[in-house]
Amino acid sequence: MVNKSKAQSKKKQKRGVDFKKIKRKIGRKLPPAQNATNTEIKSKAIILPEQSVASEKAGLAVSKKGLTLKELLQQTSHHNAKVRKDALIGIRDVLLKFPAELKLHKLAVIEKLRERISDDDKLVRETLYQLLKSVIFPGCKEDNKGPINSLMMTYIFNAMTNMAIEVRLMAFKFFDLLIQYFPSSFLLYAEKILQNYEDILQKNRFYLQDKGRLKNALAGLVRCLSLLPCSNQKEGDSLSDNDAARASLHAFDLDVSNKSTGLSGVVNKLTDLLPILVSCFQDFSPLIHSTAQIDAQSFDCMLSLLQSIDLVVRFFVHASGKCQQDSQNLPPHQKNNLSICDQSISVVNLKKLWDEFPLSPVHCLSEKDGDRYFTLNIAITEIFLQLSYGSKLSPALLERFLEFIESSLSEKICNGREAGKVHHEKHLVPLVAFTPKLIMQVSGTWKSLINDGAWKSRILQAFMTVLQKCSPESSMKLACLSAVEEMLLPEQDWLYLDSKDLEIFNHQIAWIRELPKLLVLLGDKHPLHAKAVLRLQLRLGQAASLNGPLAKEYDNMQHIIRDFYCTCLDGTVSYGPFMRLPRDIQELSICCLYYFSFLDTVLLQSLVSCCICHELEPFILFRIIEVLHSSYKAGHIQIADYISFFITLLSRFQVYPEKIDPTKKHEGKSNRGTFKSVVRVVCSCLSQIGDDVLVLQLLEKVVLDAISHKRPVDNIYGFIRLLITLDSKPTRLSEQTINRLSYVLPEYFLDVMTHIPEEDDESSKILIRQTRHYYLLPGFFLLDRSNILLNQILKVIESFISASVSALLPHQDGALVKDHSSRILSIASVLLLMHGDVKMQKLLLSCKTEITNILQSMLTLKSSGDITMSIEEGHKIQSAYDRLVAAISTLEYD
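Numbering (the numbering used here), first residue to last: -19 to 874.
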């Protein structure tokens, strides 16, 4: 017991002798020990603004987050996908805000960004695609393309072999974008690209559920194949409008003598690709024959497949034609290309496609599905029409195609629910373009298989329906015009349509009659279509044989086409679309005029109305005169109509500004220089129509009648120039003409003085005197050729003074007196200008009596008290009289 108590007491003494155990909650911070040293340091902040990061980047190109282009490019390799995507967005912002950065660092930028083509993250790849599409490639389009191609293609090819299907499909999208901006990329790597497309399409059945990406890949394939040369390149096949790019593409054409290796490789790849494309299309057959609707992505894939097949077939057709042309000059190892082309477009390869035609739904579906089936059938038909082995096809298949073509052309345009729809017109254009070839085949190659007479009539009628019913400004109308031109004026002998066939001849006449109506209907709103019509009209005129049936129809076109130029009804002139079309189209329409075997009076009236319009360019005006002159020499215009055209032009041409002011420049708005050129050209043309004596006899009365009417001085000047061009010295003018001129010329002389008044400015007096002399000079030529005319004119001038004086009432003043004094001053100016001309000085020596009478009449007027005039007017008359007396005295002295 004692030992036990000792042990217990000893145990109690050991428990908690030195420290007391404290229970603490988990998570609470332990208080510092009592002997812990306080290491906290308190100090004021030190601010160094000159060492901040922002100041170091001042003036640099940075993004919204303050990162430079170099820093952003580095972040594109970050392990975090979000950081990589944000870096691409930042690069876009920097390059848009600072375009110079791209020009300075474009190769470095592309070299770094290309690493993201195979990025694992979908958003990163899409962001890169948008960056390349919107910023990088547009900014590098004008630069050297070689380095960019080589930088991009290596990584694109790497992505095309990536294990991830979505990365591979996206690689084709990147390649499609690259060839949009750099088309030569395809031709540089054609074989390898086609091999990658072949690989991806062979596996398409395993991921048909990813039709969106497959659609992108097929769109890129279509773009690539459209860059291959073909015999009948369609509008829109080439996606580059740059001439240099197109030149580089077509340098790849089938020059087998220099590029046999490259050609053979491409042909082999396309030969392997064609059946794969057909098989891929067949993979969608269950969808076609099911009751379900065709979804948009499936339709796009099917259409791209058919377009790819079509482009491959076009290439092989072109290659076969090229090989056939050059096969005689080819070495033996290159002649295999021809057999390859023939085998590639054989019936066997495309039989699966023909078996599907025509695609039709099991049940009646929506309008949208109907449109999709129609588009696919058109694409198959277009492939069929490219080929010429119809004799190897069954009559039943030919009938199916012909029935579809005929119903599509006629019913879809006229009676179907799709009438007028741009969608259907766009897809019917290829059928219209193949009409000439189709008519020849139903009459030749397929003649033994089908009833060619019935089908020829049906196709011709369907084509005529399209030509008449389609919208004038549509692309369909342009296709119809091209087909008409090909059938009327074939460039290839095999396409010649025999006009002895009454049915063919009737359609040819109907086609020609549509042209002038279409031209007037188009007006000036659709210049491209108007140009196509006029070009066809010009070619018809050049090819139409004299006195042939087509030439007669060509002549009849002018009865409608005159409204294209101008319409004149009851004195009202209404200008047609000719006046508002571009110059090249105007000139084209003028060239067509030459090929009319005769030009009627009404058409010439329309043309002269256009010529006197101020809005017509001088170039076109003189082009009209040139063509009409050539037509007259060819016997297409009667001489009376030809003369009437020029007389009307000279008499009705309005020169502006009407008041002649040689010191004012009019800012280029005056057409006086144009009229002077017109006068010169008209005189030249009329002097060439025959013997001058006979022509003068024809024109003498007409010109005098035109001058006798009160007309502006410019127009009378033109007629006087015409007279002196046809006349000679001594004059051949009749006595009656001289008598009429003796009254007309003095009025003309005085009108010139009135319209070109004297100026007080000494600097302008010389220019005014020269201008007056220019207008009086033609009259001086007439006076030089006839002394009788000079004497009579001086007598008429003297009568202007004396007769007017006697007509005035005593002490009459006002406007009449002022007008009379102005006339006296004008007479004095005319006589002084006559005296200033060397030839006229000699002529005036023989007219001393007439001049003395004029001076006496002026003196009588001055000293007469019957009229009252102002001091200023009296001073002007006295001054003119003194100058005239001084000049005459000098003349007498000489």
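Just so it is clear, CB atoms sit at the ideal spot from N, CA and C, and this is done for glycine as well.
Cβ separation of residue i and residue j, assumed to be a contact under 8 Å, to the nearest whole Å
i	j	result
PHE877	ILE136	A question about residue 877 goes unanswered here, because the residues of the chain that appear run from -19 up to 874.
PRO758	ILE704	5 Å
LYS65	VAL115	With 8 Å as the limit, LYS65 and VAL115 do not qualify as a contact, their Cβ atoms being about 15 Å apart.
ARG863	LEU812	6 Å
VAL675	PRO726	About 27 Å; that fails the 8 Å criterion.
Buried versus exposed, by CB contacts within 10 Å (16 or more), residue i
i	result
VAL818	exposed
ILE768	exposed
THR711	buried
GLU680	buried
TYR697	buried
PHE829	Contrary to the premise, residue 829 reads as Thr rather than Phe in this sequence. Its Cβ having fewer than 16 others within 10 Å, THR829 is exposed.
VAL662	buried
TYR177	buried
ASN196	buried
PHE558	buried
ALA867	buried
SER270	exposed
HIS689	exposed
Contact under 7 Å by Cβ, residue i with residue j
i	j	result
PRO562	PRO507	yes
GLN538	LEU583	yes
LYS511	ILE570	no
ILE173	ILE289	no
PHE655	VAL673	no
VAL732	TYR755	yes
LEU378	TRP334	no
LEU112	GLU81	no
VAL292	LEU250	yes
ILE773	THR751	no
LEU461	LEU514	no
CYS120	LEU198	no
PHE279	GLY200	no
PRO452	LEU411	no
SER98	VAL74	no
GLN110	LYS191	no
GLY556	ASP543	yes
Residue span of the alpha helix (DSSP H) that contains residue i, given as start and end
i	result
GLN516	Per the sequence presented here, residue 516 reads as Leu, with Gln not at that position. Its alpha helix (DSSP H) spans residues 507 to 523.
LEU679	672 to 688
THR654	652 to 666
VAL635	That residue, VAL635, is in no alpha helix (DSSP H); it is neither H nor E in DSSP.
TYR353	347 to 366
THR141	Per DSSP, THR141 belongs to no alpha helix (DSSP H) and is neither H nor E.
SER554	Taken as a continuous stretch (DSSP letters only), SER554 belongs to no alpha helix (DSSP H), being part of the beta strand (DSSP E) at 552 to 555.
LYS62	61 to 77
ASP179	170 to 182
PHE578	Here PHE578 belongs to no alpha helix (DSSP H), and DSSP marks it neither H nor E.
ARG701	693 to 706
Neighbourhood of residue i by C-beta distance below 6 Å, restricted to the same chain and skipping five residues each side
i	result
LEU629	VAL588, CYS591
TYR187	Because TYR187 carries a pLDDT of 49, less than 50, the predicted location of this residue cannot be relied on, and no value is offered for it.
GLN54	none
PHE337	ILE360
ARG720	LEU684
CYS665	HIS609
TYR575	GLY521
Contacting residues, own chain, Cβ-Cβ under 8 Å from residue i (five flanking each side not counted)
i	result
ALA490	MET444
THR241	For THR241, the predicted model reports a pLDDT of 44, less than 50, meaning its position is unreliable; a value from the coordinates is still stated below. No residues qualify anywhere along the chain.
ILE419	LYS436, ILE439, LEU440, MET467, LEU477
PHE295	LEU205, LEU208, PRO209, CYS210, LEU250
LEU875	A question about residue 875 goes unanswered here, because the residues of the chain that appear run from -19 up to 874.
ILE718	THR711, SER766, ILE768, LEU769, GLN772
Cutoff 7 Å; reference residue i; Cβ partners in own chain excluding five residues on either side
i	result
SER806	LEU730, MET733, THR734
ARG560	ASP504
HIS85	LEU49
GLN175	LYS249
Span of the beta strand (DSSP E), counted from its first residue to its last, around residue i
i	result
CYS827	First-last for CYS827: undefined, no H or E at that position.
SER589	Run containing SER589: none in the beta strand (DSSP E); it sits in the alpha helix (DSSP H), 581 to 591.
TYR723	TYR723 -> not in any beta strand (DSSP E); alpha helix (DSSP H) instead, spanning 715 to 735.
CYS548	546 to 549
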